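Participant:
Residue numbers (the working numbering): 901 to 1033.
1) Starting from residue 946, trace the beta strand (DSSP E) in both directions and tell me its first and last residue.
2) Looking at the unbroken beta strand (DSSP E) that takes in residue 1013, where does it start and where does it end?
3) From which residue to which residue does the alpha helix (DSSP H) around residue 1024 run?
4) Could you check where the alpha helix (DSSP H) with residue 994 kicks off and where it finishes?
5) From what residue to what residue does the beta strand (DSSP E) around residue 925 run?
6) Return the first residue and the last residue of the beta strand (DSSP E) that residue 936 is part of.
7) Three or more C-beta pairs under 8 Å: does that hold for the region 974–984 against the region 995–1010?
8) How many Å lie between residue 969 and residue 941 at the Cα?
9) Spell out a yes or no on whether the region 929–945 and the region 904–917 are touching, meaning 3 or more CB-CB pairs, one atom from each, closer than 8 Å.
10) Please state the DSSP three-state secondary structure of residue 964.
11) Can the beta-carbon of residue 937 be found less than 7 Å from the beta-carbon of residue 1021?
12) By DSSP, does residue 901 sit in helix, in strand, or in coil?
13) Please check the pair residue 944 and residue 973, which I expect to be a contact at CB under 8 Å, by giving their CB distance rounded to whole angstroms.
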């Protein structure tokens, strides 16, 4: 059995910008990636007080995690963003668009939070990917 991914934006729903309303996955392996923050491999914070720099490190970390699982951003079916200031999502989207397949973007949720675990963190993103069989 071969698996597949289907990215769906049903008629009757608003046109999404940079995400899909529905992603259907059949077959394959599911990969869950913990929330990634702007720490490099030595646990140094990248981009204190700089959302763009932090988002770039977050997506670099996601890319590394996906590669470790044998996949890439084309197989990401869901992203969840936790940000301190939702008004800055355009910056996050600019960084995100350097990594995602813009023709078939994953389902996504963005949440503004009061704070993250560490005071200087501005963003955290987790991911779910499905690698078709």
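Where is the CB? At the ideal position from N, CA and C, for every residue including glycine. None of the values given here were measured: they were computed from a predicted structure.
Facilitator: So, to answer that:
1) For residue 946, there is no enclosing beta strand (DSSP E), as DSSP marks it with neither H nor E.
2) No beta strand (DSSP E) holds residue 1013; DSSP gives it neither H nor E.
3) Residue 1024 -> not in any alpha helix (DSSP H); beta strand (DSSP E) instead, spanning 1023–1031.
4) Counted as a single uninterrupted DSSP element, the alpha helix (DSSP H) harbouring residue 994 occupies residues 989–996.
5) Element bounds for residue 925: 922–926.
6) Run containing residue 936: 929–936, per the beta strand (DSSP E) assignment.
7) yes
8) 17 Å
9) no
10) Helix.
11) yes
12) Legend: pLDDT at residue 901 = 35, less than 50; position of this residue unreliable, value from coordinates given subsequently. Residue state, collapsed to three classes: coil.
13) Contact doesn't hold; Cβ gap of about 24 Å is too wide.
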